[in-house]
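Heads up: the sequence shown is residues 540 to 1066, going by my numbering. We put the beta carbon where it would ideally sit given N, CA and C, even for glycine. The structure appears below as structure tokens.
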Amino acid sequence: MMLNWFDILLKYTVDVIHIPGIENVLPDDLSRLFTPDELLEGDNQPSNAIKMGTIKSSKDRLVFQIRIIDKQPSDVVTPPDDHRMDELERAHLIIGHGGGEHLVRYLRRDGLAWTNMLQDAVKLVSKCPQCQKINIAKRGYNPLRPIYAYLPGDHWAIDLATFNRSSLTGNNFLMVLVDVCTRFCILRALPDKSSDTLVKALVQIFCDFGIPRILQSDNGGEFKNAFMRKLARSLGFHQRFTTPYHPSANGIAERWVQTAQDVIRKKIEGAGRDWDYYVPSTQLELNMRVSKRLNTPPFTLMFARNMNEFRDYRGDKIETAKPMSEEALKERIEHMQNIVFPALKEKVEVYNQAMKEKFDATHKIIDFPEKSHVMVRVQSRGSKLAPAYEGPYTVLRKTQGGTYVLQDETGALMSRNYVPSELKLISQDDVVPIDELYEVEAILNHRGQPGKRQYLVRWKGYGEDEDSWLDPDAFTDPDFILQYWKRRNEQEEDAPATLIPKKRVPKRKLHNPQPKRRSKRVKRSSA
């Protein structure tokens, strides 16, 4: 149909201007039905419907989505148009430069709401200079087996963070302690991460909040030492460690470390050595954020009261504040113990189950059978030329926590357990039996041109007369060859060809030493 209009359209000079949908307000005014100023009696009832708020880009690509499943308060106040941005800016600063979803939950809890509130909040966050510099990407953790606690103070997760910058007062590390039940966080600036410094800080916190049942951390030396074991034994709490090289197992503390660091970076405004000055205010701001899991600020759940508002109390009369009686205090405690915490338990269980189902649906679940052969991912590679996996190893069993116990070719157990993401199943036919392997003590020399190298090896448990020349494919671990070139301090392609007479002497074993675990071995058939 447009072909019939080409002759007419080409007679005019036009400019095609794109108007984003969020700015094209005229169709909205003509087609949308906005909330009237006066509502009927039936409209004042709270709605249980799930509401969706979305913002789409110019290419109709979804960039934000929020689901509100709680009932809206009946006494919602709609501020004037010229005061809405002031309320958003106030909430944005109070909760520590929170995102649009945090702003909406915080203001709705204060009884404020208006049309397109989410869009205004996202627009404000996008204009914040500090948020533009820090909020590069949002990353979340969805553990397969969520960790939960039913009472405040029973289970704490701890981790350390650093800005790689010493403060003016001599602090270098940030200790983050998160209560698993309420998500209440405690931040402390520390001069170092020695065991005595950490224990002193924990003793002060436990004396303020009570002794926990469980203290969860990673396998860092600052947490796994004799001093910490003595503290746990003296106070009677269980010290629980996560799987090495698996930070998502301590995802609660890891997430709060990232959030606390982001808030502090937004506050320092370039003055990096003042970072510890903002630690107390950051702790308060994080504890005022409305938790998505619990729909309640951590401060309220921890202390069974709401946080005082940020306003001037000097003009208030003292007579207006009535102290609570002993009976009222007991009733509040019983209300929290018998009603609030059991309700939170049910809500957390539903939330964790939904999160687990989502994880199982979006991730590939791998199960390694017993006696299967796997390769292990190398966590600390010496160079980019080093292999990404090492092995092979044999799966001995699967633990209750979902990790795997491995053993090497000698049958010795590995020093730690491994998560499925570190393992790779290999063909069972490619594994060389133990009776076809010899243990190598060292590589002594090399010969041949690049691509046709051979290496002179000294066998473990054999004499000098038993040295042999081997091809590179005879080694089960190519990192042994890389270490040889590193010792020579020269590149393989630049090394001259070494000509040494080849010896062929029948092997005669001198003694039978105990082989080391994860020793460097080669195929016996190539010796």
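Each of R752, F780 and L726 was checked against the Cα of A740, and the nearest Cα belongs to L726. Cβ contact annotation for Y928 (same chain, cutoff 8 Å, sequence separation greater than five): M914, V915, R916, V917 and K963, in chain order.
Rounded to whole angstroms, the Cβ separation of P618 and E626 is 6 Å, and the two are in contact under 8 Å. Annotation for H631: the continuous alpha helix (DSSP H) segment containing it runs D620 to I633. Within the same chain, and ignoring the five residues on either side of A810 in sequence, no residue has its Cβ closer than 8 Å to its Cβ. Contact check for A981 against R955 fails: the beta carbons are separated by 8 Å or more. Per the C-alpha coordinates, the member of P908, M863, F766 and L935 positioned closest to A951 is L935.
Taking all protein chains in view, the Cβ of I905 is surrounded by fewer than 16 other Cβ atoms within 10 Å, so the residue is classified as exposed. Cβ-Cβ separation between A771 and Q778: approximately 4 Å, consistent with a contact (criterion under 8 Å).
A straight line joining the alpha-carbon of F1019 with that of E978 spans about 12 Å.
Residue range L962 to L964 is occupied by the beta strand (DSSP E) that includes K963.
Using a Cβ distance threshold of 8 Å, D747 and C720 do not count as a contacting pair. H557 is not bridged by DSSP to any residue. Under DSSP, V934 shares a beta bridge with L945. Closest by C-alpha distance to N758, out of M767, W1024, V564 and R722, is M767. According to DSSP, residue pairing for I872 in a beta bridge does not occur. One thing to note: V664 has its Cβ no nearer than 8 Å to the Cβ of M656. Counting along the chain, D747 sits inside no beta strand (DSSP E); it lies in the alpha helix (DSSP H) bounded by residues S734 to F748. Across the set S919, A900, K937 and K897, the C-alpha of K937 shows the shortest separation from the C-alpha of E909.
Assigned with DSSP and collapsed to three states, I905 falls in coil, not helix or strand.
DSSP places I803 in the uninterrupted alpha helix (DSSP H) bounded by G790 to I807. In this structure, I750 places its C-beta atom within 8 Å of the C-beta atom of G775. In the structure shown, the three-state DSSP call for V818 is helix. According to the DSSP secondary-structure assignment, A696 is paired through a beta bridge with V717 and Q755. When DSSP states are grouped into helix, strand and coil, V616 belongs to the strand group.
With a 10 Å radius around the Cβ and a threshold of 16 neighbouring Cβ atoms, Y932 comes out buried.
Where F776 is concerned, there is no enclosing alpha helix (DSSP H), because DSSP gives it neither an H nor an E.
For Y957, there is no enclosing beta strand (DSSP E), as DSSP marks it with neither H nor E.
The continuous beta strand (DSSP E) containing L995 extends over residues Q993 to W998. Judged by pairs of C-beta atoms under 8 Å, the segment 832-840 does not touch the segment 863-871, as fewer than three such pairs exist. Relative to the Cα of G560, the nearest Cα in the group E808, Q658 and E628 belongs to Q658. For P730, the closest of N703, I744, Q755 and V717 by C-alpha to C-alpha distance is N703. Judged by DSSP in its simplified three-state form, T839 adopts helix.
In this structure the segment 820-828 does not touch the segment 881-900; the number of beta carbon pairs closer than 8 Å is below three.
For E793 against D698, the beta-carbon gap comes to about 6 Å, under 8 Å, which counts as contact. Distance from the CA atom of L565 to the CA atom of V616, rounded to whole angstroms, is 26 Å.
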